[in-house]
Each structure stands twice: as C-alpha cells, then as structure tokens.
Amino acid sequence: MYTLAEHESPKFAEFLSLTKPWQGAYTDATFSFIAVKDGGRLRLVQGHVILPSNAVPQALQLQTPSVCACAVSLSTLGLDCEALIHALLRDELETPIGTLSLIEQEGVGPQDISVYFPRYPDDFNSSREHALSLTLSCGRMPFGSRQAEFRNDLRTAQQPYDSIVELANELWLKPLRWDTCTLDISAHSPVAIDLTREIIGGKVRLALLALRGIDVTPARFGYRVVATGSVVQRRTLAATELAWSAGAGERIQVGEIDVCVPDGAIVQCFASYDGLLLQQGFVVQPGILPNVRRMTHEVFDPALENTKKCLFDAKTQKQDARNLEAGVANLLYMLGFAVDPLFGKPQSNNPDLIATTPSGDVLVVECTTAAIDIEGKLSKLLARTAALREKLAETGNSHIRCLPVTVTSLAEPAITNMEEAVKARILVVSAEDLGRALDSTMVPQNADALFNEKWHTLNPPPDPLFPDGIQPVSLPLSNSSSTI
Numbered sequence: 366m367y368t369l370a371e372h373e374s375p376k377f378a379e380f381l382s383l384t385k386p387w388q389g390a391y392t393d394a395t396f397s398f399i400a401v402k403d404g405g406r407l408r409l410v411q412g413h414v415i416l417p418s419n420a421v422p423q424a425l426q427l428q429t430p431s432v433c434a435c436a437v438s439l440s441t442l443g444l445d446c447e448a449l450i451h452a453l454l455r456d457e458l459e460t461p462i463g464t465l466s467l468i469e470q471e472g473v474g475p476q477d478i479s480v481y482f483p484r485y486p487d488d489f490n491s492s493r494e495h496a497l498s499l500t501l502s503c504g505r506m507p508f509g510s511r512q513a514e515f516r517n518d519l520r521t522a523q524q525p526y527d528s529i530v531e532l533a534n535e536l537w538l539k540p541l542r543w544d545t546c547t548l549d550i551s552a553h554s555p556v557a558i559d560l561t562r563e564i565i566g567g568k569v570r571l572a573l574l575a576l577r578g579i580d581v582t583p584a585r586f587g588y589r590v591v592a593t594g595s596v597v598q599r600r601t602l603a604a605t606e607l608a609w610s611a612g613a614g615e616r617i618q619v620g621e622i623d624v625c626v627p628d629g630a631i632v633q634c635f636a637s638y639d640g641l642l643l644q645q646g647f648v649v650q651p652g653i654l655p656n657v658r659r660m661t662h663e664v665f666d667p668a669l670e671n672t673k674k675c676l677f678d679a680k681t682q683k684q685d686a687r688n689l690e691a692g693v694a695n696l697l698y699m700l701g702f703a704v705d706p707l708f709g710k711p712q713s714n715n716p717d718l719i720a721t722t723p724s725g726d727v728l729v730v731e732c733t734t735a736a737i738d739i740e741g742k743l744s745k746l747l748a749r750t751a752a753l754r755e756k757l758a759e760t761g762n763s764h765i766r767c768l769p770v771t772v773t774s775l776a777e778p779a780i781t782n783m784e785e786a787v788k789a790r791i792l793v794v795s796a797e798d799l800g801r802a803l804d805s806t807m808v809p810q811n812a813d814a815l816f817n818e819k820w821h822t823l824n825p826p827p828d829p830l831f832p833d834g835i836q837p838v839s840l841p842l843s844n845s846s847s848t849i
C-alpha cells in the first residue's frame, strides 16, 4: 500500500494546479504502461500518462506469460489524470488487460511515494516547448533478474518484440529504469511560438499558437528586437492584444501581431501561461543568423544537416568513428571555440580534439559512441590532460586552465561511470547536451563564459576561510601579540 507523504503532496498539488486550466485541450490523453505478472496480479514496471498537444501512441494490448503492456485513452478508462493516479495508489486501476497494482514490498507496511516535479525548463536556451513533467516513484524494482525471461516471452509473443526496450519505445515510455517502479505524467505546453515566421522587408507577423479548449486569457507573448548587438525594442502582450484566428487543423488557434524591425534584426520571442515560461525562440530573416559563426558554417552545411548526422545519426557514426568527432568540432566552432581537430594519422596518445577559448583556456576532448570508460578512456583522458598541464607549466603558462571533456552519443540514462567521471572532474556531454548546445548556436555564444560555467561546476571554489559575518578571533600566543 502506498500513500503520498506529507512533504511530497505539495509537489503533486502544484502540478495539478498548474495543468488544471489546460485539461480541456487534452481530449486525447493516453495512459501507456508495461507491467509484470506477479502471482496473478499485474504489477506496474513503468507507465506514462501523456496529456498531448499533438500525436499520442497507438492503442495497444499485449499479454505474454510474464510481461504485459497496454496503451489506452483516458476517456476509455473514464478517468482524468488525477483520478487515474489515485486509483493506482489504491490498487484499483482497471485497464483493458486487468487490474493494475503497484509493487508490494514483502513484509513492509504502507510506503510513501516519491514525487519529482521540475517546474522550470532545464535549459532556458533551448527553443523546445517546455512540457511539465511529474514523476512518481515507488519501491525497489524486483524484476531486474528476469530480463532474459521477458525477452524470451516478447520474442515468442503473438505480437513479437525484440526486447522490452523496443516495447517501451512503442509505448512512448521514458527511458526504462530498473532501480525503481515509476509513473511519469507529461503535460504538453498549451501555448507555443510559431518559429516558422520570417522577417521580410523589415516587417514580421509574430504568432502565438494555443491549443483549442483552453482559456487564452492568462497567456502572454513577449518579444525583444535585437539589431547591431543592442536591444532596440521589447514588449509583452496580453492574449487580448493579439488578433486571433483558426489555425491549421482542428487543435490550434493563432494569435498574431505585426512588428516593424530594422534591417538585419532578429526577434527573440517568449510564450508563457499564467506566469510560467513555456517556450522561447528566435525569428530571423531568411539567410541571416545572429551567430556569424553558424551562418558561415551553414553556407557549406545547409540547415546543419551534415553536423546533425554526425552528432545524432547512429548509421553515420558507425560508418566512421571520427564522424562524431567532426560533428563535435563543428559544434565547438559555432559555440565560439578555436578547434584543433588533430586530424592525420591516429596516435594512441592523442585526444580526439583540442578546443580553446579566446582567453586561452583549453578543452581536451574525447568522443565515443559507446560507454564513456570503454577501453579505459577516462584514465587516458586524464593522462592526456595532465600531460598538457605539465607542458603549460614548464613554459610559464600554468595560469591556463585545462578541462577534460568526454562526449558520448548515448542518452543520459544510458551513461555509466558518471560518478567516476564527475569525481575525477571530467565534464560528461550526453546526446541531450549536444542537442541543447546545437540549439543555442542560433545566437552568438561566449566561449569563455561557457568554459567558466562548466569549470566552476566541476571545480567549485573552496569555502572561504572566514564566511560572511564571521571575524577572526584574537588568540593569546606565547611570546607574541599576533592574532589569527
């Protein structure tokens, strides 16, 4: 039996309060899950309630001797999101494939549900819409040792699947966890910026997109116009100040406003609802980007197609292991670094890339499409960084900082040895980090500031000898009147 702990309930209540005004737009809300048969009952392994702004997973019912799965609309269940969660907590959630229950810990009484709710975007530079996410975690996962059984049953099922990971992907579950049982709830943003708009002839028609079924009154649309490096105009508009019309399709309504801008300007836009930022992004003139480095690169790599393949396409990376390195080198250049790709005959004692900031600080970069410590990569990276520091010190350049970086094409949940890397003060860059960094290249980046941010994250300054408000104390010393 599980309950929401008193200190966790406010997070749950806050999520429900923020998303309640949006519920009218979520007519296609869906619940998908994987469960394990356990003594005649279905025990939740992982689930996902999607409150969508667009597509949802297809309806699915799968039963095998050991593992089951289902994707069903909340309207079919006759429940809303809150009612579904409470039914699950009571072990009374009826689904098309049976009654779904939470994991029971043998010999343990009522247990508390852990709640995780990140209210704000994890990256304010990303142009992606901010979906509000709530994660409920309960109990220790007891099924990790049964993965061979699950794979056997999935491959021999009437609807065969290669693995539980493939099944999870089809159900649109978040990355599988094997340490705890989880239920994720994702509420897609009810408002967004139309980033397809363009500046033409010194004018632009900016647009706020809103889902039908919501009250647009609390929505706000802000923008700032940047020209020749300075902000020349900034404004926030209430929804009532926009001209509203029906959008493409049945789900969207569009609020617009015309804005005049100087030649070569860009417009940064902000979409919010009831004070919560849900998206930011840039509207530009075709062929003109505020980041000259990216604009220069795109002359020879239109829309960054080649760079994106090198960074994110597994097939491209398998063709040549150095394709990932090429993509990372392109990205670092667009972020403001000077890059030495160290191309030529590979040498075992070389890092993959060297990148420097305008101030001279150095990134020592290793790239991998596999585990970050495969074949002792972390130790080799540390040794190469130490060799560079030693040479800099010998030549009177010990003030230059060297930061070891390992870049992997793996997603964050798949990265092992993370604690070991952080303890060794190695910066780990995941596939998600690469995506966020690529988004940020739309505008000029300060490589020195980026370096400082990562350096201080891994090398926090020591606590001051005398914290604020604490003064040194005079101590009597023999044969001395000094104070400490």
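Counting the sequence shown from 1 gives a position; this note's numbering is that position plus 365. All residues carry an ideal CB built from backbone N, CA and C; glycine is no exception. Owing to the predicted nature of the structure, the values given are computational and were not obtained by experimental measurement.
(request) In the DSSP assignment, find the unbroken alpha helix (DSSP H) run with residue 678 in it and report its ends. (result) Working through the sequence shown from its first residue, we reach residue 678 at position 313. For residue 678, no alpha helix (DSSP H) encloses it, and the DSSP letter there is neither H nor E.
(message) Taking 6 Å as the limit between beta carbons, can you name the residues of its chain near residue 693, skipping five residues before and five after?
(response) Position 328 of the sequence shown, counting from 1, holds the residue named residue 693. Taking residue 693 as the centre and dropping the five residues before and after it, the same chain places the C-beta of 732 and 772 closer than 6 Å to its C-beta, in chain order.
(message) Taking 8 Å as the cut-off, does the segment 555-574 touch the segment 630-643 (at least 3 CB pairs, one atom from each stretch)?
(response) Counting C-beta pairs closer than 8 Å gives three or more between the segment 630-643 and the segment 555-574, which meets the contact rule.
(request) Below 8 Å on the Cβ atoms is my guess for residue 576 versus residue 418; work out the distance and round it to an integer in Å. (result) For the purposes of this step, residue 576 is identified with residue 211 of the sequence shown, where counting begins at 1. For the purposes of this step, residue 418 is identified with residue 53 of the sequence shown, where counting begins at 1. Contact between residue 576 and residue 418 holds: their C-beta atoms lie close to 6 Å from each other, under 8 Å.
(message) Please report the distance separating the alpha-carbon of residue 378 from that of residue 552.
(response) In the sequence shown, the residue the question calls residue 378 occupies position 13. In the sequence shown, the residue the question calls residue 552 occupies position 187. Taking the straight line from one Cα to the other gives about 14 Å.
(request) Assuming residue 415 contacts residue 400 (C-beta within less than 8 Å), just tell me the rounded distance between them. (result) The count along the sequence shown starts at 1 and reaches residue 415 at position 50. The count along the sequence shown starts at 1 and reaches residue 400 at position 35. That pair is no contact at about 17 Å.
(message) What would DSSP say about residue 376, mapped onto helix, strand or coil?
(response) Reading the sequence shown from its first residue, position 11 is the one you call residue 376. It is helical.
(request) Measure the Cβ-Cβ separation of residue 787 and residue 823 and say whether it is below 9 Å. (result) Translated into positions along the sequence shown, residue 787 becomes position 422. Translated into positions along the sequence shown, residue 823 becomes position 458. It is a contact, given that the beta carbons lie within the stated cut-off.
(request) Would you give the residue range spanned by the alpha helix (DSSP H) that residue 822 belongs to? (result) Reading the sequence shown from its first residue, position 457 is the one you call residue 822. For residue 822, the enclosing alpha helix (DSSP H) has its first and last residue at 812-823.
(message) Quick check on the burial criterion: 16 or more other C-beta atoms within 10 angstroms. Buried or exposed for residue 585?
(response) Here residue 585 corresponds to residue number 220 of the sequence shown, with the count starting at 1. Buried, because 16 or more other Cβ atoms sit within 10 Å of the Cβ of residue 585.
(message) If the criterion is Cβ atoms closer than 9 Å, does the pair residue 715 and residue 662 meet it?
(response) Walking along the sequence shown from the start, residue 715 turns up at place 350. Walking along the sequence shown from the start, residue 662 turns up at place 297. The answer is no: Cβ separation not under 9 Å.
(message) Suppose the cutoff is 7 Å on Cβ atoms and the five residues either side in sequence are ignored; what does the same chain contact list for residue 844 look like?
(response) In the sequence shown, the residue the question calls residue 844 occupies position 479. Because residue 844 carries a pLDDT of 40, less than 50, the predicted location of this residue cannot be relied on, and no value is offered for it.
(message) For residue 474, count the other beta carbons within 10 Å of its own beta carbon; 16 or more makes it buried, fewer makes it exposed. Which is it?
(response) Along the sequence shown, read from residue 1 onward, the residue named residue 474 stands at position 109. Low confidence applies to residue 474: its pLDDT is 49, below 50, so where it sits in the model is not reliable enough to give any reading.
(request) Starting from the N-terminal side, write out each stretch of the alpha helix (DSSP H) that is 4 residues or longer and does not extend beyond the segment 464-544. (result) Entirely contained in the segment 464-544, the alpha helix (DSSP H) runs reaching 4 residues are, in chain order, 512-520 and 529-535.
(message) Closest to residue 420 by C-alpha separation, out of 443, 598, 391 and 448, would be which residue?
(response) Position 55 of the sequence shown, counted from the first residue, corresponds to residue 420. The shortest Cα separation from residue 420 among 443, 598, 391 and 448 belongs to 391.
(message) Alpha carbons only, please: which of 523, 690 and 466 is nearest the one belonging to residue 406?
(response) By 1-based counting over the sequence shown, the position of residue 406 is 41. For residue 406, the closest alpha carbon among the candidates 523, 690 and 466 is that of 466.
(message) Distance check for residue 605 and residue 583, CA to CA, integer angstroms please.
(response) The residue you call residue 583 lines up with position 218 of the sequence shown. The residue you call residue 605 lines up with position 240 of the sequence shown. Rounded to the nearest angstrom, the two C-alpha atoms are 9 Å apart.
(message) Assuming residue 528 and residue 519 are in contact, meaning their beta carbons sit under 8 Å apart, how far apart are those beta carbons, in whole angstroms?
(response) Sequence index remark: in the sequence shown, residue 528 carries index 163 (1-based). Sequence index remark: in the sequence shown, residue 519 carries index 154 (1-based). Contact holds; Cβ gap of about 7 Å.
(message) On a Cα-Cα basis, can you pick out the residue from 654, 452 and 550 that is closest to residue 480?
(response) For the purposes of this step, residue 480 is taken as residue 115 along the sequence shown, with counting starting at 1. That would be 550, whose Cα lies nearest to the Cα of residue 480.
(message) Give me the residue from 425, 680 and 445 with the minimum Cα distance to residue 461.
(response) Against the sequence shown, residue 461 aligns to sequence position 96. Relative to the Cα of residue 461, the nearest Cα in the group 425, 680 and 445 belongs to 425.
(request) Could you check the C-alpha separation between residue 658 and residue 698 for me, to the nearest Å? (result) On the sequence shown, position 293 is the one that residue 658 refers to. On the sequence shown, position 333 is the one that residue 698 refers to. Roughly 7 Å between the two C-alpha positions.
(request) Starting from the Cα of residue 557, find the closest Cα among 498, 675, 514 and 645 and give me that residue. (result) In the sequence shown, residue 557 corresponds to position 192, counting from 1. With distances taken between Cα atoms, residue 557 lies closest to 645.
(request) Label residue 472 either buried or exposed according to how many other C-beta atoms from any shown protein chain fall within 10 Å of its C-beta, with 16 as the threshold for buried. (result) What you label residue 472 is simply residue 107 of the sequence shown in a count that begins at 1. Caution applies to residue 472, whose pLDDT of 48 falls short of 50 and renders its modelled position unreliable; the value that the coordinates give is listed next. Label assigned to residue 472: exposed.
(request) Within 10 angstroms of the Cβ of residue 543, are there 16 or more other Cβ atoms? Answer buried if so, exposed if not. (result) As a first step, residue 543 must be located in the sequence shown, where it is residue number 178. Label assigned to residue 543: exposed.
(request) For the segment 421-458, list the beta strand (DSSP E) runs that are entirely contained and at least 3 residues long, ordered along the chain. (result) You should have 425-428 and 432-438.
(message) Does the segment 479-498 come into contact with the segment 803-810, if we say contact requires no fewer than three beta-carbon pairs (one atom in each stretch) closer than 8 Å?
(response) By the criterion of at least three beta-carbon pairs nearer than 8 Å, the segment 479-498 is in contact with the segment 803-810.
(request) Write down the C-beta distance between residue 569 and residue 624 rounded to the nearest angstrom, noting that I regard them as a contact closer than 8 Å. (result) Counting from one through the sequence shown, the residue named residue 569 turns up at place 204. Counting from one through the sequence shown, the residue named residue 624 turns up at place 259. About 5 Å separates the two Cβ atoms, so the contact holds.
(request) Put residue 662 into one of helix, strand or coil per three-state DSSP. (result) Counted from its first residue, the sequence shown places residue 662 at position 297. If DSSP states are grouped into helix, strand and coil, residue 662 belongs with the helices.
(request) With DSSP collapsed to three states, give me the class of residue 644. (result) Mapped onto the sequence shown, residue 644 falls at position 279. Correct three-state label for residue 644: strand.
(request) Look at the alpha carbon of residue 717 and the alpha carbon of residue 705, and state the distance between them as a whole number of angstroms. (result) As a working mapping, residue 717 is identified with position 352 in the sequence shown. As a working mapping, residue 705 is identified with position 340 in the sequence shown. A direct Cα-Cα distance of roughly 9 Å separates residue 717 from residue 705.
(request) To the nearest angstrom, report how far apart residue 702 and residue 818 are at their CA atoms. (result) Counted from its first residue, the sequence shown places residue 702 at position 337. Counted from its first residue, the sequence shown places residue 818 at position 453. If you draw a straight line from the Cα of residue 702 to the Cα of residue 818, it comes to about 15 Å.
(message) At the level of alpha carbons, what is the spacing between residue 397 and residue 538?
(response) For this step, residue 397 is matched to residue 32 along the sequence shown. For this step, residue 538 is matched to residue 173 along the sequence shown. Residue 397 and residue 538 have their C-alpha atoms some 7 Å from each other.
(request) Take residue 497 and list the residues in its own chain whose beta-carbon comes closer than 7 Å to its own, dropping the five residues that flank it on each side. (result) Locating residue 497 in the sequence shown gives position 132, counting from the first residue. Cβ-Cβ distances below 7 Å link residue 497 to 380, 383, 384 and 552 in the same chain, with the five nearest sequence neighbours on each side left out; the list follows chain order.
(request) Pull up the CB-CB distance for residue 502 and residue 441, whole angstroms please, since I reckon it's below 8 Å. (result) As a first step, residue 502 is located in the sequence shown; it is residue number 137 there, counting from the start. As a first step, residue 441 is located in the sequence shown; it is residue number 76 there, counting from the start. Distance from residue 502 to residue 441 at the Cβ level is roughly 26 Å; contact not present, criterion being Cβ atoms closer than 8 Å.
(message) Do residue 454 and residue 521 count as a contact pair if the criterion is CB distance below 9 Å?
(response) Here residue 521 refers to the residue found at position 156 when the sequence shown is read from its first residue. Here residue 454 refers to the residue found at position 89 when the sequence shown is read from its first residue. If you check the CB distance, residue 521 and residue 454 do not come in under 9 Å.
(message) Out of 516, 727, 763 and 667, which one is the CA nearest neighbour of residue 792?
(response) Your numbering for residue 792 matches position 427 in the sequence shown. Of 516, 727, 763 and 667, the residue nearest in Cα terms is 727.
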